[in-house]
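K.L.:
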Amino acid sequence: MSNAQIEIQLIASLVAISCAIPGTFLVLRKMALITDAISHSILPGIVIGFFITHDLSSPLLIIMAAASGVLTVVLVEFIQKTGLVKEDTAIGLVFPALFSIGIILIAQNANDVHLDIDAVLLGELAFAPFDRLMFDGTDLGPKSLWIIGIILLITLGLLFAFFKELKVSTFDAGLASALGLSPVVMHYGLMTVSSITTVGAFDAVGAILVIALMIAPAATAYLLTNNLKKMLILAVIFGVGSAIIGYWVAHVLDSSISGSMTTVLGLLFLMVYLFAPNKGLFSVLYRQKQQRIEVSLLTFLLHLANHEEKEERHVKHLNEHINWQKVRSKSVLNLALKNNMITIHNDIVSLTDKGQHFTTEAIDYIVTNKNSEIENMKDRFFLFRG
Amino acid sequence: MDLQEYIELVFTDYTLRTITLGTAILGAICGMLGSFAVLRKQSLLGDAISHAALPGIAIAFLIIGTKNSSIFLLGALISGLIGTFWIRGITNKTHLKSDTALGLILSLFFGFGMLLLTYIQKLPNANQAGLESYLFGQAATLLESDVWLMAIVTGISLIILLLFWKELKILLFDADFTKTLGFNTKFLDILITSFIVVAIVLGLQTVGVVLMSAMLLAPSAAARQWTNNLAIMVILAAIFGALSGIIGTAISASHNNLSTGPVIVLVAGSFVLFSFIFSPGRGLLFREIRFRKNRNDLQLHKTLSFMYNIASTHEDISHPHAIKILNNFQGFTRKSLQKLEDRDYVKIQGNMWSMTKSGYNTAANLYDQLIKEENE
Numbered sequence: 002m003s004n005a006q007i008e009i010q011l012i013a014s015l016v017a018i019s020c021a022i023p024g025t026f027l028v029l030r031k032m033a034l035i036t037d038a039i040s041h042s043i044l045p046g047i048v049i050g051f052f053i054t055h056d057l058s059s060p061l062l063i064i065m066a067a068a069s070g071v072l073t074v075v076l077v078e079f080i081q082k083t084g085l086v087k088e089d090t091a092i093g094l095v096f097p098a099l100f101s102i103g104i105i106l107i108a109q110n111a112n113d114v115h116l117d118i119d120a121v122l123l124g125e126l127a128f129a130p131f132d133r134l135m136f137d138g139t140d141l142g143p144k145s146l147w148i149i150g151i152i153l154l155i156t157l158g159l160l161f162a163f164f165k166e167l168k169v170s171t172f173d174a175g176l177a178s179a180l181g182l183s184p185v186v187m188h189y190g191l192m193t194v195s196s197i198t199t200v201g202a203f204d205a206v207g208a209i210l211v212i213a214l215m216i217a218p219a220a221t222a223y224l225l226t227n228n229l230k231k232m233l234i235l236a237v238i239f240g241v242g243s244a245i246i247g248y249w250v251a252h253v254l255d256s257s258i259s260g261s262m263t264t265v266l267g268l269l270f271l272m273v274y275l276f277a278p279n280k281g282l283f284s285v286l287y288r289q290k291q292q293r294i295e296v297s298l299l300t301f302l303l304h305l306a307n308h309e310e311k312e313e314r315h316v317k318h319l320n321e322h323i324n325w326q327k328v329r330s331k332s333v334l335n336l337a338l339k340n341n342m343i344t345i346h347n348d349i350v351s352l353t354d355k356g357q358h359f360t361t362e363a364i365d366y367i368v369t370n371k372n373s374e375i376e377n378m379k380d381r382f383f384l385f386r387g
Numbered sequence: 003m004d005l006q007e008y009i010e011l012v013f014t015d016y017t018l019r020t021i022t023l024g025t026a027i028l029g030a031i032c033g034m035l036g037s038f039a040v041l042r043k044q045s046l047l048g049d050a051i052s053h054a055a056l057p058g059i060a061i062a063f064l065i066i067g068t069k070n071s072s073i074f075l076l077g078a079l080i081s082g083l084i085g086t087f088w089i090r091g092i093t094n095k096t097h098l099k100s101d102t103a104l105g106l107i108l109s110l111f112f113g114f115g116m117l118l119l120t121y122i123q124k125l126p127n128a129n130q131a132g133l134e135s136y137l138f139g140q141a142a143t144l145l146e147s148d149v150w151l152m153a154i155v156t157g158i159s160l161i162i163l164l165l166f167w168k169e170l171k172i173l174l175f176d177a178d179f180t181k182t183l184g185f186n187t188k189f190l191d192i193l194i195t196s197f198i199v200v201a202i203v204l205g206l207q208t209v210g211v212v213l214m215s216a217m218l219l220a221p222s223a224a225a226r227q228w229t230n231n232l233a234i235m236v237i238l239a240a241i242f243g244a245l246s247g248i249i250g251t252a253i254s255a256s257h258n259n260l261s262t263g264p265v266i267v268l269v270a271g272s273f274v275l276f277s278f279i280f281s282p283g284r285g286l287l288f289r290e291i292r293f294r295k296n297r298n299d300l301q302l303h304k305t306l307s308f309m310y311n312i313a314s315t316h317e318d319i320s321h322p323h324a325i326k327i328l329n330n331f332q333g334f335t336r337k338s339l340q341k342l343e344d345r346d347y348v349k350i351q352g353n354m355w356s357m358t359k360s361g362y363n364t365a366a367n368l369y370d371q372l373i374k375e376e377n378e
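Chains as they are written, first to last, in my numbering: chain H, 2 to 387; chain U, 3 to 378.
1. Can you find a C-beta in chain H that's less than 8 Å from the C-beta of S261/U?
2. For the beta strand (DSSP E) that contains H41/H, what are its first and last residues?
3. How big is the Cα-Cα spacing for F380/U and A153/U?
4. Give every residue of the same chain whose Cβ lies closer than 7 Å to the Cβ of R226/U, excluding the five residues on either side of it in the sequence, and list them in chain order.
5. Which value, in whole angstroms, describes the spacing of the CA atoms of N258/U and N110/H?
6. Take I101/U as the anchor and find which of M215/H, K331/H, T193/H has the nearest alpha-carbon.
7. Between S256/H and chain U, is the shortest Cβ-Cβ distance under 8 Å, so that the two count as touching?
8. Can you give me the Cβ contacts of V169/H inside the same chain, cut-off strictly under 8 Å, excluding the 5 residues immediately before and after it?
9. Rounded to a whole number of angstroms, what is the C-alpha to C-alpha distance between F138/U and T262/U?
10. For a quick check, are the C-beta atoms of G207/H and S256/H less than 8 Å apart?
11. At the 8 Å Cβ level, is A236/H part of the contact set with chain U, yes or no?
12. Taking the alpha helix (DSSP H) that S351/H belongs to, which residues open and close that run?
13. For the stretch 51 to 134 of chain U, list the alpha helix (DSSP H) runs that are entirely contained and at least 4 residues long, ordered along the chain.
14. Helix, strand or coil, according to DSSP, for D15/U in the structure here?
15. Run the CB neighbour count on P264/U, radius 10 Å, all protein chains shown included, and call it buried at 16 or more, exposed below.
16. Can you tell which of A224/U, F74/U, T17/U, A365/U has the C-alpha that lies nearest to the C-alpha of T143/U?
17. So for V348/U, helix, strand or coil by DSSP?
18. In this structure, how does DSSP classify W147/H when only helix, strand and coil are distinguished?
19. Report yes or no: is there a C-beta of chain U within less than 8 Å of the C-beta of F128/H?
20. Roughly how many angstroms lie between the CA atoms of L146/H and T36/H, to the nearest whole one?
21. Using alpha carbons as the reference points, say which of A50/U, K188/U, L108/U lies closest to L170/U.
22. Please list the residues of the stretch 45 to 64 of chain H that have a C-beta atom closer than 8 Å to any C-beta atom in chain U, keeping them in chain order.
23. Using only the alpha-carbon positions, how far apart do V28/H and R293/H sit?
24. For a quick check, are the C-beta atoms of I403/U and A62/U less than 8 Å apart?
25. With H, G and I counted as helix, E and B as strand and the rest as coil, what does DSSP make of I12/H?
26. Please confirm whether L174/U and R42/U have their CB atoms less than 8 Å apart.
27. Can you tell me the Cα-Cα spacing of L47/U and T93/U, whole angstroms?
28. In whole angstroms, give me the CA-to-CA distance for T226/H and G242/H.
29. Looking only at DSSP bridge pairs, what is A5/H linked to?
30. Among residues of its own chain, excluding the 5 on either side of T358/U, which ones have a beta-carbon nearer than 7 Å to its beta-carbon?
31. In three-state DSSP terms, what is W228/U?
32. Should the stretch 182 to 201 of chain H be called in touch with the stretch 81 to 90 of chain U, which here means at least 3 C-beta pairs below 8 Å?
33. Let me confirm a value: R314/H is counted as buried when at least 16 other C-beta atoms fall within 10 Å, else exposed. Which label applies?
34. Chain U partners of T90/H, CB-CB under 7 Å?
35. Looking only at DSSP bridge pairs, what is A324/U linked to?
36. Quick test of the definition: if touching needs 3 or more C-beta pairs under 8 Å, does the stretch 128 to 135 of chain H touch the stretch 4 to 15 of chain H?
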């Protein structure tokens, strides 16, 4: 590994960490799309900053860009408050307009601007090590490493200082304001940090990857845990992991680093989405199927309990009466037999004592409708689900 | 170049005519279908889908190896649909919310698309791909066949809209009711979502991936301000969309270095701004005017009822009083006093005021809505 390669991976990892932290809170606060808006609408800020300073590396650019990020949030909220359109429409109206202004400004002055729209969208991570910070003639390392490092330090500092406040205001804004913590301050603080992180990361990885790095690790982590601290740590690990793997994929394919980092993030999310325990697609589908079977079984037993007369309890009669297909009624019948809920004499189905007992408790559950009761009940009756 | 010359040019110049027609049709179909997206609270779906279409275009190029915009559109359509259904899968099956799902699909698909694009750029036949134009759109690359395609798709979606108008309308406003009536809501949902995807994909070549969502949203958000009727809203949105296409093309054609896509978006944006401020029913301006008028009325009433309290302590209600004694009272100005006199509620003579009979009656029944309505 050459020096430049190590530096690129270091920058990518730092960007991933500093995006994952605000990203986690944005996902939890259901404001993930505001990053989309911010990352697009900082373009005019950068362009105007460039017109003033004529220097792409001036800190004024970052300030202008962060300011236009915050301006986006303010504009979106202003439009939302007028109540003229729905919340998401407000986001969708503001950022394309600002982005268009940015593009037009660039195009109008294309001759003397060294700003490339592709670079804005994609970033130039591969060139980051060549733009070095020099002080008194000594080489202090790549400039973007310094920028993102400082942003990360600030983010971490704020996170540790205000972790409790952030947590409360994220999950219970009402409680937060009752405790004297202003949710508004937290909100705008988070927005400012997100804007600054977006701007800092933007330089290195481009507008779209910033969105991916903010949302994808946090969303992936959210599928695996319900604990805020664990979620933050997992998000950071996913971010850094995909940054490094993505770099090597790009190295092999000789293509855009930010593109391949996003692709790795996407694959990671897909894996977790499909296979996560409890919340993944497969386990959700499996659970839904089980619940369907349980409901069928309950319906069947309730039907038996309600009818004393023999013709109502005939095996053949059942699939007409409850309107089930043949296969389904057969499987439910077998299931009930295996659970010792019913006995069959001469094709007449009757409930056993256990079945009788189960049905009574099930009715109780249906009346009170408390989830905790049915879970206990399943355990007590050793319910076998086939 | 003045307006007349330009209009002549639109009819004579092939390229300009194609682009103007293309953007107008695009604006119309986007406005039409966008109304549904806006009302279904799926505004940002457009943003996600347009980004998600990118890998489809790149994969289509990798498979056929040459530039062919209709195959590209097919690829974009397929990957846009995959993105849409994945978003639905995420929101339905997990506890992730729709904003997270949209942001995920948007950024992940786009990143993958960019990976493929940069990979394609390294290929020997890359220069004929022209895939970059899909990022920001290049209206100049529109051909007559593209415009025909747009027109046909617009026609088909118009027919579908009219056929399923009643069902779509009821789905829009009360999905549960639709279900109880026995309509297949899933089918209707997929139908309208698919047409929204089609509209987005059509616009990619003209306005590009990044700005496409605004094309979908802006005309319908503007149209929403002028009416509460779905049919009128859809028609208005189509008109706004077409107009922003035509005006945007005109502005960008008459200047150097102005790409069409962003200009169209900004024109559509100014339609929205105008509607937000000046629409008579919901607009901010008229809302402010109504607010002020109500406040003035309230203050007038306050002054009147204060006068009534004073006058009622006297046997002769028209007994004159000094204006000075009103001064402690908020909301009294020379102007409001003048207004009261204009309405013949009080008489002013020098520094004195006295209540008239009609003023006394009005003030006595000020809070009695029934009497007020009878008088009107």
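Virtual Cβ for every residue (Gly too), placed ideally from N, Cα, C.
No experiment lies behind these values; they were computed from the predicted model shown.
P.N.:
So, to answer that:
1. Residue 261/U sits at position 259 when you count from the first residue of the second sequence. So yes, S261/U belongs to the interface.
2. In the first sequence, the residue the question calls residue 41/H occupies position 40. Note, H41/H: premise wrong, no beta strand (DSSP E); alpha helix (DSSP H) at 33 to 54.
3. Outside the displayed span of chain U (3 to 378) sits residue 380/U, for which this structure offers no information.
4. Taking the second sequence and counting its residues from 1, the one referred to as residue 226/U is at position 224. Around R226/U: V40, M235.
5. Here residue 258/U refers to the residue found at position 256 of the second sequence. Here residue 110/H refers to the residue found at position 109 of the first sequence. N258/U and N110/H: Cα-Cα distance of roughly 11 Å.
6. On the second sequence, residue 101/U is found 99 positions in, with the first residue counted as 1. The identity of residue 101/U in the sequence shown is Asp, whereas the question assumes Ile. When each option's Cα is compared against that of D101/U, the closest is M215/H.
7. In the first sequence, the residue the question calls residue 256/H occupies position 255. Closer than 8 Å: yes.
8. Position 168 of the first sequence holds residue 169/H. Around V169/H: L176, A177, L180, L182.
9. Here residue 138/U refers to the residue found at position 136 of the second sequence. Here residue 262/U refers to the residue found at position 260 of the second sequence. Their Cα atoms are separated by approximately 9 Å.
10. In the first sequence, the residue the question calls residue 207/H occupies position 206. In the first sequence, the residue the question calls residue 256/H occupies position 255. Contact flag unset, no.
11. Counting from 1 along the first sequence, the entry for residue 236/H is found at position 235. A236/H does not count as touching chain U.
12. If you number the first sequence from 1, residue 351/H lands on position 350. Run containing S351/H: none in the alpha helix (DSSP H); it sits in the beta strand (DSSP E), 349 to 352.
13. 71 to 95, 100 to 123
14. Along the second sequence, one-based indexing puts residue 15/U at 13. Note: D15/U maps to coil in three-state DSSP.
15. For this step, residue 264/U is matched to residue 262 along the second sequence. P264/U comes out buried.
16. The count along the second sequence starts at 1 and reaches residue 143/U at position 141. The shortest Cα separation from T143/U among A224/U, F74/U, T17/U, A365/U belongs to T17/U.
17. Within the second sequence, residue 348/U is the residue found at index 346, counting from 1. Residue state, collapsed to three classes: strand.
18. The sequence position of residue 147/H within the first sequence is 146, counting from 1. Residue state, collapsed to three classes: helix.
19. Stepping through the first sequence from its first residue, residue 128/H is reached at position 127. Chain U contact via Cβ: absent.
20. In the first sequence, the residue the question calls residue 146/H occupies position 145. In the first sequence, the residue the question calls residue 36/H occupies position 35. So the two alpha carbons sit approximately 22 Å from each other.
21. As a position in the second sequence, residue 170/U is number 168, starting the count at 1. Residue K188/U is the option with its Cα nearest to L170/U.
22. none
23. Sequence index remark: in the first sequence, residue 28/H carries index 27 (1-based). Sequence index remark: in the first sequence, residue 293/H carries index 292 (1-based). Approximately 31 Å between the Cα atoms of the pair.
24. The requested residue 403/U is not part of the displayed model; chain U covers only 3 to 378.
25. For this step, residue 12/H is matched to residue 11 along the first sequence. Note: I12/H maps to helix in three-state DSSP.
26. Here residue 174/U refers to the residue found at position 172 when the second sequence is read from its first residue. Here residue 42/U refers to the residue found at position 40 when the second sequence is read from its first residue. Yes. Within cutoff.
27. By one-based count along the second sequence, residue 47/U stands at place 45. By one-based count along the second sequence, residue 93/U stands at place 91. C-alpha separation (whole angstroms): 13 Å.
28. As a position in the first sequence, residue 226/H is number 225, starting the count at 1. As a position in the first sequence, residue 242/H is number 241, starting the count at 1. Roughly 18 Å between the two C-alpha positions.
29. Walking along the first sequence from the start, residue 5/H turns up at place 4. A5/H pairs with nothing; no bridge assigned.
30. Here the question's residue 358/U lines up with position 356 in the second sequence. Same-chain partners within the cutoff: S320, D346, Y347, V348, K349.
31. Counting from one through the second sequence, the residue named residue 228/U turns up at place 226. Coil.
32. no
33. Start at 1 with the first residue of the first sequence, and residue 314/H comes out as number 313. It counts as buried.
34. By 1-based counting over the first sequence, the position of residue 90/H is 89. Those are V40, S45, L219, A223, listed as they occur along chain U.
35. By one-based count along the second sequence, residue 324/U stands at place 322. Note: A324/U sits in a beta bridge opposite M354/U.
36. yes
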